[in-house]
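**Student:**
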Amino acid sequence: MLTENIAILSYIADRSGNLMPIDDRARFRVLEALAYISTELHKRFKPFFMPDADDDAKSAANNLPSALP
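Take the sequence shown: its letters are residues 1 to 69, numbered as in our numbering.
As structure tokens, this is what we get:
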């Protein structure tokens, strides 16, 4: 069973045959973007869904615009 976002999306893309670029450089850029979303952006949304989040989470939410490329 796959449980991580990037692994699941990569699996679906490989099975479909046309969702991910074939070119290695382009494929790794997609994986890079998915990793960024998974590690940097997701944590900044926690306070929106968990209002009782700790101060670190609230600070991350306030800094969300600066995390966008």
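Backbone N, C-alpha and C define an ideal beta-carbon position, used for all residues, glycine too.
#1: Assuming Arg44 is part of the alpha helix (DSSP H), what are its boundary residues?
#2: If you count every other CB in all the chains shown that lies within 10 Å of the CB of Arg44, and 16 or more means buried, which is it?
#3: Look at the alpha carbon of Pro21 and the alpha carbon of Pro65, and state the distance between them as a whole number of angstroms.
#4: Could you tell me the alpha carbon to alpha carbon distance between Ala13 and Ala7, rounded to whole angstroms?
#5: Can you tell which of Thr39, Asn18, Phe48 and Arg29 has its C-alpha closest to the C-alpha of Glu4?
**Tutor:** Looking at the coordinates:
#1: Here Arg44 belongs to no alpha helix (DSSP H), and DSSP marks it neither H nor E.
#2: That one is buried.
#3: Approximately 28 Å between the Cα atoms of the pair.
#4: Whole-angstrom Cα-Cα distance: 10 Å.
#5: The shortest C-alpha to C-alpha distance from Glu4 to any of Thr39, Asn18, Phe48 and Arg29 is the one to Thr39.
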